[in-house]
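Following: one structure in structure tokens, then a few remarks.
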Amino acid sequence: MSSAPRGQHPRFFQLPWRSRSRIARDVDAELSFHLEMRVSELTAKGVGAEEAAQRAREEFGDLERTRTYCRDLDTRADSETRLADRVAEWRQDVRYALRTMRRSPGFAIVSLITLALAIGANTAVFSVARAVLVAPLPFGKPGSLVALYENQKQNPTERYPFAPANFVDYRAQQHTLTDIAAYRPLGSITWLPDHGDAEIIGGLIATPNLFSVLQTRALYGRTFTSDDERPDAAPVVIVSYHFWQRALGGDLHVIGQSLMLNGHANQLVGVMPPGFTLGFSEDVWMPYDVNDDMQDAVRARKQHYLKAVARLRPGVTIDAARADLATIASRLETQYPEANKARSAAVLPLRESMAGDVRTSILLLQAAAGLVLLIACANLANLTLSRTIGRRRELALRAAIGAGRARLTRQLLTESLLLALAGGAIGVGLAMLLTPTLLALNPDTLPSMFAVRIDKSVLLFSLAMSVLTGLLFGFIPALDAGRANLHGALKEGGRGSTGGSRGERVRRTLVVAQVSLAVVLLIGAGLLTRSFDQLTRVNMGFDPAHVLTAQLRASGARYDSSDAVNQFYDAVLTDLAHTPGVLAAGATNVIPTQGRMGTALRIEGEPVDETNLPDFGYVSVRGGYFEALHVPILSGREYDASDKPDGEKHVIINNAAARRFFPKGDAVGRRIQIGPNPSATWMTIIGIAGDIRDEGLAVPAKPMMYANHAQEAWERSLSVVIRTSGDPLSAATALRNAVKATDPTLAVRDIRSLDDVVGSSLAARRFSLGLAFSFAVVALILAAVGVYGVLAFSVTSRAKEFGLRLALGATARAVLLLVVREGLTWATLGLVVGVAGAVAAARMLAGMLFGISPLDASTYVAVAFGLLVVVLAACLVPAVRATRVDPLTSMQAE
Amino acid sequence: MPRTPSELLQGTVDILLLRALAGEAMHGYAIARWLDARSDGVLSIDGAALYQALHRLEHRKWISATWGLSENNRKAKFYTLTAAGRTQLRAESAVWKSYAEAVFKVLRPA
């Protein structure tokens, strides 16, 4: 049985993987060997050659079938092995990468922190961006919903609500929309529960078709029907899920019962699903009959207070709807020139309209986070590159024992990818932890219909981002290692090589890129900081410190007369004014910085253009309002008891109005008329008050008037402003008692200090500034670390050169300067590129800036200076180390 | 008349081949000769069945193949039993043995 191959062991000359043709040849060789053996056996027995061949074939059986069978099987086996080998290799790569990282934990930790910060920041911002820009609004088929506004042809970006009569006409004449719904937030509604104290809640009135336009059904019960609009219909109300849970105990039996709202019983007919809101954090919705507002012809067409939402008909584009409404607009202009001169209508995707300014901030923040990620990538690429060069010897060894170039490249990419994935996982964890906290700390930042969640798509985004990051920062080093001359590295003993001038160039370019990206971020954050600073220094014209504000409403049928309203507020404010610790107590319909109501103005004795009346701010005040807010009366007097409700109408205007409309300084004593109605009562100006920033800190004061609420008591809902000697919140109890003593069925809502109210008007700004600022700081640190890392590496690898210089008599100072100059050169280069980039990018910021230009020189100079200082600091350690090189050891080391 | 090889059950061919390789590495022709000699010419196997079985067994990783030189200095493919193949042989032999004994018992004249 001597069939064993010669030599005890078979010789190996089979390659690990065979090509398809190789497999075919092998099978052929094996089979023909068998046949030849049989033939030679037969011929040895004396059979003729031809006959032997014939018999061998016959004995064999189906040769062709066997051939195909074996080839197919072998090919299949081969590809299976190939796959298994790949998997095994990959697992080996991972194991090896983990071992390498354990061996240099410093590198791993720095990389992980960098990645976690960068990917965490991107994940957090993306989760918000997705909610605001992409995630579906809480309505059915939100893609075809649009918001409608009226606007002015000359100034189409300024949008304002519809006048009721115009709304009715647009609704009837349009043919591109399935329907238009109108709604209007109600400032405050007093809800008197069966048990317990009254409470002020928020709500909307809406045309009954609102819910059908939004295609949203009630969670329980029903939404409005057109019957609810009829004048004789019983009043109904729909409540939000949140209100139903919080105030009604989530009890289904409340459906069909009645809620006492503003002193009237409204039958509760439905509960909306959680998250349904039009952005006013509203608790209840009540039907609105637009015909109620059509009675007064002036009011109907000239007062604009209806917000409108509509749904595009299937297949209709937004442009078609715009054209449709424009046609109606010009028809209405011709029909009612006095009210509708130069008016048109704007159509906006509902999401865009609701996201508003937030959209810009978020896009900017996303861009900033992206820059941070790029900087992190550059940093890690550099770090990895330096480390790869440090690992030359090890890589050369692996190449020497048979690892191919591709394999080495893949090995290094595996390491980068693993790092990126781990860093990404930590980053996502950070984002999950921090995003809700950050948003909860800044509740006024986001409109309430945008629910921020870290869900599957956000996680997918982060995963993709991690992989991309890993590839991005791993690619250059991996390619470099694959290309390196490994024989040389082995011979050199892995020292002295700096990776050649090409590697050096790549590293420098990366550092310059890093610095320039950081400069862009720093300048952006610097501009936002400067503008925020300007904003907080703005002279608001009033003093919010030590002032308490709260909302009151005189609601119920007994307050249908102005006298009753006056009595109520007089009683409360007098009671408060006599409370120890209260210095002054007044009330207003709009707290400063919380927005602006506008009306039209006519001045007695001046020409009037009825189609273009000047816009005039309207605020109604009573009691010690000016004293409580420390708003000075510049001339004339403030309201006092002599201004009887039924006496001559008096008015106080602000300084801006006095200067604009009465430039001769003769305002006091003149008479004005307000509102769209030309036959309105004339009012005499009795005083001029100092300007205050009533619309918001960023908006300069515009002409406005302070009406005397005692004379115009149609507004039942007011905010009190109470100046105290100490902590404003200490007056809260006194306020509650005063209200309860006057009318126990009324409620107090939103007790806050005025500082808090003013602060919240800055909340969104402060929030995005805080984020942008932290991104910039991270970027600066990363850039500094980048400069440090590359310099430190360069010093180590050039130890011989520095040793030689020192040995030849160079002073330590000269060597120090040599290194520092190198670092500063990169920084300066980066600075120049970065400033150029910032100049280009700052234009996008222009809309968010206040009081400074996007090219604010002091910001640019401060950033440049700060950056150079930080880079200098980063240069110092490596530079000092260069001066300490011992000439002897450095030269022996090679 | 001895049975013709084509009638051998596939499972039977597999176990016979594994047994053939239990000793030393062999090429296909040698395996056929060994089987022929060992069974006194009763269990001869044709080339087609032999090579299909060998490649099947190799795919299952019960045997492994290497190229080597034959006794007459020709390039030939040699098969060896792997550890898995040895385990398989042991298990299959036990099954076969009890099966064959059972058949014998039944066939024994009463």
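Chains as they are written, first to last, in this note's numbering: chain C, 1 to 894; chain U, 1001 to 1110. Idealized CB from N, CA, C, for every residue including glycine.
Test item: CB-CB of residue i and residue j under 8 Å
i       : j       : result
L769(C) : L528(C) : yes
Y569(C) : L718(C) : yes
I523(C) : A842(C) : yes
A346(C) : Y149(C) : yes
A836(C) : P887(C) : no
L35(C)  : R55(C)  : no
D643(C) : A713(C) : no
T178(C) : R313(C) : yes
V787(C) : V511(C) : yes
I652(C) : A689(C) : yes
L219(C) : W285(C) : no
Pick from the options that is closest to residue i, judged by C-alpha positions
i       : options                                   : result
A707(C) : I722(C), V787(C), G623(C) and G221(C)     : G623(C)
I692(C) : Y96(C), L634(C), T190(C) and T360(C)      : L634(C)
P614(C) : T593(C), P592(C) and I672(C)              : I672(C)
L363(C) : V132(C), D643(C), N654(C) and A265(C)     : V132(C)
T317(C) : L348(C), A329(C) and G196(C)              : L348(C)
S127(C) : N340(C), L63(C) and L365(C)               : L365(C)
G687(C) : A680(C), D666(C) and G249(C)              : D666(C)
D694(C) : K644(C), P678(C) and G617(C)              : G617(C)
T646(C) : E627(C), T681(C) and V619(C)              : Before going further, note that residue 646(C) is Asp rather than Thr in the sequence given. Cα-wise, what sits closest to D646(C) is T681(C).
V506(C) : V839(C), G526(C), R95(C) and D480(C)      : D480(C)
E715(C) : D293(C), V565(C), E30(C) and V94(C)       : V565(C)
L746(C) : M260(C), F280(C) and L818(C)              : M260(C)
G595(C) : F662(C), V572(C) and L697(C)              : L697(C)
H546(C) : G598(C), S620(C) and E627(C)              : E627(C)
T549(C) : V631(C), V538(C) and R723(C)              : R723(C)
G759(C) : M432(C), L219(C), G690(C) and T536(C)     : T536(C)
L583(C) : L867(C), G726(C) and I591(C)              : G726(C)
M37(C)  : L1043(U), G1028(U), I1045(U) and A1037(U) : G1028(U)
A838(C) : R359(C), P744(C), L517(C) and S774(C)     : L517(C)
F542(C) : G526(C), L521(C), I591(C) and H304(C)     : I591(C)
P142(C) : T75(C), T216(C), I189(C) and P164(C)      : T216(C)
S462(C) : A763(C), L278(C), R130(C) and V869(C)     : R130(C)
Residue i versus residue j - alpha carbon distance
i        : j        : result
R57(C)   : L418(C)  : 58 Å
S794(C)  : A84(C)   : 42 Å
A1100(U) : S79(C)   : 39 Å
R1086(U) : V1013(U) : 15 Å
I751(C)  : A731(C)  : 10 Å
A420(C)  : R343(C)  : 56 Å
I1031(U) : L408(C)  : 44 Å
L601(C)  : F850(C)  : 29 Å
G270(C)  : A368(C)  : 44 Å
G423(C)  : V458(C)  : 16 Å
D169(C)  : V290(C)  : 12 Å
V372(C)  : A577(C)  : 55 Å
L63(C)   : R25(C)   : 15 Å
L1043(U) : V47(C)   : 24 Å
Bridge partners - residue i, DSSP secondary structure assignment
i        : result
W1067(U) : K1077(U)
T724(C)  : V582(C)
A587(C)  : R622(C) and V720(C)
D179(C)  : R311(C)
R190(C)  : According to the sequence shown, residue 190(C) is Thr rather than Arg. T190(C) is bridged to I200(C).
M1026(U) : Y1079(U)
V861(C)  : Paired residue(s): none; V861(C) is not in a bridge.
T549(C)  : V721(C) and R752(C)
W285(C)  : L204(C) and I238(C)
Assigned exposure category for residue i - 16 Cβ within 10 Å defines buried
i        : result
K1077(U) : buried
H195(C)  : exposed
W1062(U) : buried
P136(C)  : exposed
S19(C)   : exposed
Q411(C)  : buried
T334(C)  : exposed
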